[in-house]
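**Student:** Residue numbers for the sequence shown, in this note's numbering: 3 to 447. Structure provided below as structure tokens; questions to follow.
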Amino acid sequence: MHTPSATAVVGLQWGDEGKGKIVDLLAAEHDVIVRYNGGANAGHTVVVDGERYALHLLPSGALSEDKTCVIGNGVVVDPRQLLKEIEGLTARGISLEPDRLLVSDRAHVVMPYHKEHDGALEGVLARAAGQGDENLSIGTTKRGIGPTYADKVHRSLAIRMGDLLDADVLRRRLDIVCAIRSRELEALGVDAPPLDPAALADEYHTLGERLRPYITDTVYGLHDAVADGKRLLFEGANACLLDIDHGTFPYVTSSNCSVLGIPPGTGLPGTVIEETVGIVKAYGTRVGEGPFPTEDLGEDGERIRERGHEYGTTTGRPRRCGWLDLVAVRYSAMICGCTSLAVMLLDVLSGFEELRLCTGYRLPDGTVTDRFMPDARRLATVEPIWEVVPGWEPEIDHITEAADLPPEAHDYLERIAAFVECPVAIASVGPDRRQTIRLGQHAAS
Ligand code: GDP
Ligand code: IMO
Ligand code: MG
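Below, the structure written as structure tokens:
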């Protein structure tokens, strides 16, 4: 079988589709696993032999000890969190020697004031909404993602991983940054002493020194890997409908988390990507604010939440649940140029007499469309048009061959493939590596 030189794994909904599981699985066929966007807002769960790992910054390939992991320049790195994850894996017997983890010297650093700003602004906006103003809060993970990317785009006050290695540069930058940020935090109602540049510079220089063995020019590292014939696997964080340009703005995250973020987030041209696997949860979930046309606020949504354990990996928040929105998934597959799909958490749907698939939207003027609209205000006004299909009774979490799936489950996969116009190559029926069905030649298409 031809193994592509680079494969992208990307979520096609609002996150938590099961990207971590598929990256861990596909890591076996690749040499280098690369994160290109987002930060510790991501929570990727991998289950190996009953052991559960939750990764936020480290690529999920970290669990395969013969693989190289890269944190590309497009990621925003919280150094404390990164060290915590490295140490956490080491304590569980998985070592990350410096030759196995490369962190871009150009990746931007999430500083404590970014996280404070994120939480404080969300608080101000939520309180304003409580007093009758428009609700402008996004329901962020409060990991400082937005403020860090804002500093990157704003340029002058930004701090990159490479800056942590030079105590003088860092101290001089933090003198001015802290003066400005302290006033901003005060204006947002944060009741804390002004930021202390000397203490912060000391702490972050020390963190930088601890990470020094990993910090490098990953752009040349990645081009060298491609030239050496290494196979790359890009691990998307967050998901296409949270993409800053192509998601449901403003209820999105602050990076290009579709496949389109790979070139700027790694320094590699898009032409290296041969295969793009779109990860689709068999139903719908969303965390935080924003329109979600197929949300089910009744018993069915509750049943999906309990069967799917739909509580956030990063924040523990209950996820909003509903049915599969094929209009949205087809849009994301188009944006990302998916060559195949992996349908995840299919086991969660066992026991429903009927399942709903959204195949169109009815607009307020009564017209119908099967085109997605990423504008949040417009999307909030649509009514889903449902296709109701038969469910299946038996549990399927032990099944490993497509032929053993109930016919209704097979039809469900085929309907997804037909609507999205992309073959389903993998169906996942449980969190463990083993609970995976490869559809191969007989892919539902
Ligand atoms: P990610 O952010 O896309 O990597 O997804 P998360 O890890 O946040 O959420 C997916 C959750 O579903 C995790 O708890 C996984 O262990 C779990 N999971 C993945 N695939 C399956 C599956 O096929 N069935 C079930 N029941 N759970 C799954
Ligand atoms: P993974 O990689 C689910 C959502 C947040 C919020 C919005 C903005 O695990 O699929 P942010 O903190 O990024 O500024 O929050 O985006 N969000 C996610 N939701 N899974 C994720 O990542 C997410 N990353 C961001 O809930 O609504
Ligand atoms: Mg997640």
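C-beta: ideal position from N, C-alpha, C; glycine also. As the structure is a prediction and not an experimental result, all values here were calculated from the model.
Rounded to the nearest angstrom, what separates Gly231 and Ser7 at their Cα positions?
**Tutor:** Between Gly231 and Ser7, the C-alpha separation is close to 7 Å.
**Student:** What's the gap between the Cα of Asp481 and the Cα of Val261?
**Tutor:** Since the first and last residues shown for the chain are 3 and 447, residue 481 lies out of range.
**Student:** Taking the straight line between their C-alpha atoms, what separation do you get for Leu59 and Pro409?
**Tutor:** Between Leu59 and Pro409, the C-alpha separation is close to 39 Å.
**Student:** Going by CA-CA distance only, name the one from Pro293, Asp434, Arg332 and Val254 that's closest to Thr383.
**Tutor:** Selected option, being the one with the closest Cα: Pro293.
**Student:** Go through the segment 146-219 residue by residue and report every complete run of the alpha helix (DSSP H) that reaches 4 residues or more, in order.
**Tutor:** Qualifying alpha helix (DSSP H) stretches, in chain order: 147-156, 169-189 and 199-213.
**Student:** Looking at the structure shown, is Phe236 part of a helix, part of a strand, or coil, going by DSSP?
**Tutor:** Three-state DSSP puts Phe236 in a strand.
**Student:** Would you mind stating whether Thr278 and Gly339 have Cβ atoms separated by less than 8 Å?
**Tutor:** Yes, these two residues count as a Cβ contact at 8 Å.
**Student:** Tell me which residue opens and which closes the alpha helix (DSSP H) that Gly125 is part of.
**Tutor:** Note, Gly125: alpha helix (DSSP H), Pro114 to Gly132.
**Student:** Suppose the cutoff is 7 Å on Cβ atoms and the five residues either side in sequence are ignored; what does the same chain contact list for Val431 look like?
**Tutor:** If we look at Val431 and ignore the five residues flanking it on each side, its Cβ neighbours are Leu348, Asp349, Ile398, Asp399, Ile401, Gln437 and Ile439.
**Student:** For the alpha helix (DSSP H) that Ser334 lies in, which residues bound it at each end?
**Tutor:** From DSSP, the alpha helix (DSSP H) with Ser334 extends over Leu328 to Cys338.
**Student:** Got a sec? Which residues, its chain only, sit under 8 Å from Leu441 by beta carbon, not counting five neighbours each side?
**Tutor:** So the list reads Ala404, Leu415, Pro425, Val426, Ala427, Ile428 and Ala429, once near-sequence residues are dropped.
**Student:** Enumerate in chain order the residues of its own chain whose CB-to-CB distance from Gly146 is below 6 Å, with the five nearest sequence positions on each side excluded.
**Tutor:** Answer for Gly146: Val112, His116, Lys117 and Asp120, listed in chain order.
**Student:** Rounded C-beta distance between Val12 and Ile281? I'm assuming under 8 Å.
**Tutor:** Contact flag correct, Cβ pair sits at about 7 Å.
**Student:** Report yes or no: do three or more beta-carbon pairs, one from the segment 64-71 and one from the segment 18-32, lie closer than 8 Å?
**Tutor:** A contact exists between the segment 64-71 and the segment 18-32.
**Student:** Would you call the CB atoms of Asp219 and Gly286 closer than 8 Å?
**Tutor:** In this structure, Gly286 does not lie closer than 8 Å to Asp219 by Cβ.
**Student:** Taking all protein chains shown into account, decide if Glu395 is buried (16 or more other Cβ within 10 angstroms of its Cβ) or exposed.
**Tutor:** It counts as exposed.
**Student:** Three or more beta-carbon pairs under 8 Å between the segment 317-324 and the segment 368-375, yes or no?
**Tutor:** They do not touch, by the three-pair rule.
**Student:** Helix, strand or coil: which one does DSSP assign to His444?
**Tutor:** Reliability fails at His444, whose pLDDT of 47 lies under 50, so the model's placement of it is uncertain and the value that follows must be treated cautiously. Three-state result, His444: helix.
**Student:** Any idea which residues DSSP pairs Glu53 with across the strands?
**Tutor:** Its beta-bridge partners are Val50.
**Student:** Mind checking Asn75: buried by the 16 CB within 10 Å criterion, or exposed?
**Tutor:** The residue in question, Asn75, is buried, as its Cβ has 16 or more Cβ neighbours within 10 Å.
**Student:** Nearest to Ser256 by alpha carbon, out of Ile24, Asp33, Ile387 and Thr143?
**Tutor:** Among Ile24, Asp33, Ile387 and Thr143, the Cα nearest to that of Ser256 is on Thr143.
**Student:** Could you check whether the Cβ of Asp245 sits closer than 7 Å to any heavy atom belonging to the ligand MG?
**Tutor:** No.
**Student:** For the segment 289-305 and the segment 192-210, state whether three or more C-beta atom pairs, one from each stretch, are separated by less than 8 Å.
**Tutor:** Contact fails: fewer than three Cβ-Cβ distances are below 8 Å.
**Student:** Return the first residue and the last residue of the alpha helix (DSSP H) that Tyr285 is part of.
**Tutor:** From DSSP, Tyr285 is part of no alpha helix (DSSP H); its letter is neither H nor E.
**Student:** Which residues in the same chain have their Cβ closer than 6 Å to the Cβ of Pro366, if we skip the five residues on either side of it in sequence?
**Tutor:** Cβ within range, chain order: Thr383.
**Student:** Taking all protein chains shown into account, decide if Gly41 is buried (16 or more other Cβ within 10 angstroms of its Cβ) or exposed.
**Tutor:** So Gly41 counts as buried.
**Student:** Going by beta-carbon coordinates alone, are Leu166 and Pro100 separated by less than 8 Å?
**Tutor:** Against a cut-off of 8 Å, the Cβ pair of Pro100 and Leu166 comes out as no contact.
**Student:** Using 10 angstroms around the beta-carbon of His156, count the other beta-carbons present and answer buried if the total reaches 16, otherwise exposed.
**Tutor:** So His156 counts as exposed.
**Student:** Spatial neighbours of Pro191 within its chain, please: C-beta separation below 7 Å, excluding the five flanking residues on both sides.
**Tutor:** Looking at the sequence provided, one finds Gly at residue 191 rather than Pro. Cβ within range, chain order: Ala122 and Val126.
**Student:** DSSP on Asp226, reduced to helix/strand/coil?
**Tutor:** Helix at Asp226.
**Student:** With 16 as the cutoff for other CB atoms within 10 Å, does Leu213 come out buried or exposed?
**Tutor:** By the 10 Å Cβ count, Leu213 comes out buried.
**Student:** Using the rule of at least 16 other Cβ atoms within 10 Å of the residue's Cβ for burial, across every protein chain shown, is Leu273 buried or exposed?
**Tutor:** Inspection of the sequence shows that residue 273 is occupied by Thr rather than by Leu. Result: exposed.
**Student:** How would you write the range of the beta strand (DSSP E) that Ile35 sits in, first residue to last?
**Tutor:** Its beta strand (DSSP E) spans residues Val34 to Arg37.
**Student:** Glu237 and Ser62 - do their beta-carbons sit closer together than 8 Å?
**Tutor:** Yes, the Cβ-Cβ distance between Ser62 and Glu237 is below 8 Å.
**Student:** Using the three-state DSSP reduction, which class does His311 fall into: helix, strand or coil?
**Tutor:** Reduced to three states, the DSSP call for His311 is coil.
**Student:** Buried or exposed: where does His46 fall if 16 or more other Cβ atoms within 10 Å of its Cβ makes it buried?
**Tutor:** Flag for His46 reads buried.
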